[in-house]
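Reviewing the structure listed below.
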Amino acid sequence: DTAVSQTPKYLVTQMGNDKSIKCEQNLGHDTMYWYKQDSKKFLKIMFSYNNKELIINETVPNRFSPKSPDKAHLNLHINSLELGDSAVYFCASSHLAEETQYFGPGTRLLVL
Amino acid sequence: QKEVEQNSGPLSVPEGAIASLNCTYSDRGSQSFFWYRQYSGKSPELIMSIYSNGDKEDGRFTAQLNKASQYVSLLIRDSQPSDSATYLCAVNVRNSGTASKLTFGTGTRLQVTL
């Protein structure tokens, strides 16, 4: 009965590669988010989608491109991975009208 | 100045004591305030939300908000070893109809000792 799920859980890759992370929620929410948590545990929002429409787009390198095929899914594609991209990436979801966000288990990305 | 500030800790309290976690924020337009708990290697989990000045109690947890001082705190009574985690303060400045954009502090690590 996983509410917000992410795949993969761990991702180890070389600099310069392109990778994708997938997120799915079965809570019936209409809004989904991507957060990045760095090595100092600082959690920062990157993007948000509402009903497949991008509504929050923070200052993030163009190498990061989110895609929402439907309101239950939000993917994150990262091009030309850099060492500094190593972090835990969390997906979250909520109803637009509410503020409680539910987080997925995270994807631990390590760029070598 | 950071938007949401917390003491990183660790804050060490003995089992059964009251743990007091503090958070200050810079944006006076902030409307909603949240405390998330994050165990090591896990995702953040919402434990309290507060929207108006004063205290809000839920079991062993009490959130306190003072908008004039731009200060929000979390008290944990009868602290248990299972409360040992990082506590993240989050603040939302929300415009009507837009998404909930949470700004997080860096978290306070709480250690409850036996």
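Chains as they are written, first to last, in this note's numbering: chain E, 1 to 112; chain C, 1001 to 1114. Heads up, the beta-carbon is just placed ideally off N, CA and C, and yes, glycines get one too. The structure presented is a predicted model; accordingly, all values stated were derived computationally and were not measured.
Just to confirm my understanding: we take C/L1074, look at its own chain, exclude 5 residues before and 5 after, and list those with CB closer than 6 Å. What are they? L1021, W1035 and A1063
So, are the CB atoms of E/A87 and E/L109 less than 8 Å apart? yes
Quick one: any contact between the segment 1074-1088 of chain C and the segment 1022-1042 of chain C, if contact means 3 or more CB pairs under 8 Å? yes
C-beta neighbour in chain E for C/L1021, strict 8 Å: no
Note down, in chain order, every chain E residue with its Cβ under 8 Å from the Cβ of C/N1007. Correct list: empty, because the minimum Cβ distance to chain E is about 13 Å.
Here's the rule: buried if 16 or more other CB atoms are within 10 angstroms of the residue's CB, otherwise exposed. What is E/G104? Around the Cβ of E/G104, a 10 Å sphere holds 16 or more other Cβ atoms; the residue is buried.
Would you kindly report the start and end of the unbroken beta strand (DSSP E) that includes C/N1022? A1019 to Y1025
Using the rule of at least 16 other Cβ atoms within 10 Å of the residue's Cβ for burial, across every protein chain shown, is C/A1019 buried or exposed? buried
Nearest chain E C-beta to C/F1061 closer than 8 Å, yes or no? no
Leaving aside the five residues before and after C/S1052 along the sequence, list all residues of the same chain whose C-beta is less than 8 Å from its C-beta, in chain order. So the list reads L1065, once near-sequence residues are dropped.
Residue environment, C/R1077, which counts as buried when at least 16 other CB atoms sit within 10 Å: exposed
With 8 Å as the threshold, decide whether the Cβ of C/S1052 is near any Cβ in chain E. Residue-level contact check: C/S1052 does not touch chain E, since none of the beta carbons of chain E fall below 8 Å from its beta carbon.
Closer than 8 Å by beta-carbon distance: list the chain E residues that pair up with C/N1092, in chain order. E99
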